[in-house]
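Residue numbers for the sequence shown follow UniProt numbering, so the first one is 1 and each next one is one higher.
Just so it is clear, CB atoms sit at the ideal spot from N, CA and C, and this is done for glycine as well.
Here the structure is laid out as structure tokens; the discussion comes afterwards.
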Amino acid sequence: MNTTDRIKILLVDDHQMILESLKLLFRRIPNVEIVNTISDSRQVLPWLSTNKVDLIVSDFNMPYLSGVDLTLQIRQQHLAIKVILLTMLEDAAHIREAIKAGVNGYILKKSEREELERAIELIMQGKRYFSPAIIDELSAYTDEDQNNAQPATIQNLTEREIEVLKHIAMEYSSPEIADKLFISLSTVETHRRNLFHKLNVKSAIGLTKYALKHGLVE
């Protein structure tokens with residue numbers, strides 16, 4: 001792979017020492033190029049106005065703009081850029097907040113280089129990646145999406161419902177799903193309602209959690 005094919009990455013963290021450590025770590029990953037590091041999250045959007053990257057790897061907790069706030073802004077202005085939150089936070093509330101914002105990956109800072117390399121590979125293929133501990137935390141979390149009723153197993157879903165579920169977990173809107181699966185918008189909405197009922201969840205986050213737990217989205 002030549003230089004032009006390398007995955008261009010921007011690192012964002014408010015601690016300069018961590019940025020330097022991350023640069024050393026990423027240099028051990030083939031086919032990636034660190035094009036810049038930014039310690040003030042407010043500078044990311046102005047920098048992106050004149051520079052191109054494929055992937056942003058950001059901390060979660062930062063002054064001024066958190067990793068979630070930054071993700072929301074990037075989703076509005078630079079939809080093609082992938083975002084990984086690399087963080088020490090592994091509680092379900094923060095994870096759900098990140099999923100809702102539209103991150104492509106949520107990886108713990110204690111993860112090994114091999115996991116980070118695999119995550120980048122999957123994310124650049126259009127998939128999402130969450131550290132195994134993150135999936136476990138989501139699976140164990142009890143909230144408004146759960147009650148005493150038992151959700152359906154994957155075998156109870158139709159093939160089309162599984163396809164729709166996968167696309168929901170990958171953040172596609174209902175119109176986009178309709179286009180991709182060559183079905184009507186009303187059919188997508190019917191499948192969505194059936195998924196809510198069968199899986200006993202009340203939101204797209206609940207559907208995403210189910211898809212992650214059952215390996216429907218890598």
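Residue range of the beta strand (DSSP E) that Ile56 falls in? Within the sequence shown, residue 56 is the residue found at index 56, counting from 1. For Ile56, the enclosing beta strand (DSSP E) covers residues Leu55 to Ser58.
What is the rounded straight-line gap between the Cα of Thr71 and the Cα of Ile123? Walking along the sequence shown from the start, residue 71 turns up at place 71. Walking along the sequence shown from the start, residue 123 turns up at place 123. Put simply, the backbone Cα of Thr71 is about 15 Å away from that of Ile123.
Looking at Ile9: is its Cβ nearer than 9 Å to the Cβ of Leu48? On the sequence shown, residue 9 is found 9 positions in, with the first residue counted as 1. On the sequence shown, residue 48 is found 48 positions in, with the first residue counted as 1. Cβ distance not < 9 Å, so Ile9 and Leu48 don't count as in contact.
What are the boundary residues of the alpha helix (DSSP H) that includes Gly67? Position 67 of the sequence shown, counted from the start, is the residue given in the question as residue 67. First-last of the alpha helix (DSSP H) with Gly67: Gly67 to Gln77.
By Cβ distance, which residues of its chain are closer than 8 Å to Asp145, with the 5 residues on each side in sequence left out? Against the sequence shown, residue 145 aligns to sequence position 145. With a pLDDT of 46 at Asp145, under the threshold of 50, the predicted position of this residue should be treated as unreliable, though the coordinate-derived value follows. Closer than 8 Å at Cβ, skipping near neighbours: Asn200, Val201, Lys202, Ser203, Ile205, Gly206 and Lys209.
Under a Cβ-count criterion, where at least 16 other Cβ atoms within 10 Å of its own Cβ denotes burial, should Ser21 be classed as buried or exposed? What you label residue 21 is simply residue 21 of the sequence shown in a count that begins at 1. Burial check for Ser21: the Cβ neighbour count within 10 Å stays below 16, so the residue is exposed.
In chain order, what are the residue ranges of uninterrupted alpha helix (DSSP H) at least 4 long that sit wholly in the UniProt domain "HTH luxR-type" (150-215)? Listed in chain order, the complete alpha helix (DSSP H) runs (minimum 4 residues) inside the UniProt domain "HTH luxR-type" (150-215) are 159-169, 174-181, 185-199 and 204-213.
Label Met88 either buried or exposed according to how many other C-beta atoms from any shown protein chain fall within 10 Å of its C-beta, with 16 as the threshold for buried. Residue numbering aside, residue 88 sits at position 88 when the sequence shown is read from its first letter. By the C-beta density criterion, Met88 is exposed, having fewer than 16 other C-beta atoms within 10 angstroms.
Between the stretch 101-121 and the stretch 185-199, are three or more C-beta pairs nearer than 8 Å? Segment contact: the stretch 101-121 against the stretch 185-199, fewer than three CB-CB distances shorter than 8 Å; contact not assigned.
Using C-beta distances below 6 Å, list every residue in its chain close to Thr142, excluding the 5 sequence neighbours before and after it, in chain order. Numbered from its first residue, the sequence shown carries residue 142 at position 142. Because the pLDDT of Thr142 is 43, which lies under 50, any placement of that residue in the model is unreliable, and the number read from its coordinates should be weighed accordingly. Its chain contains no residue whose beta carbon lies nearer than 6 Å to that of Thr142 once the 5 sequence neighbours on both sides are disregarded.
Going residue by residue through the UniProt domain "Response regulatory" (8-124), where are the continuous beta strand (DSSP E) segments of at least 3 residues, counting only ones entirely within it? List check, beta strand (DSSP E) in window: 32-38, 55-58, 82-87 and 105-108.
Relative to the alpha-carbon of Arg28, which residue among Ile135, Phe60 and Glu114 has its alpha-carbon at the smallest distance? As a working note, residue 28 is residue 28 in the sequence shown. If we check each option's Cα against that of Arg28, Glu114 comes out closest.
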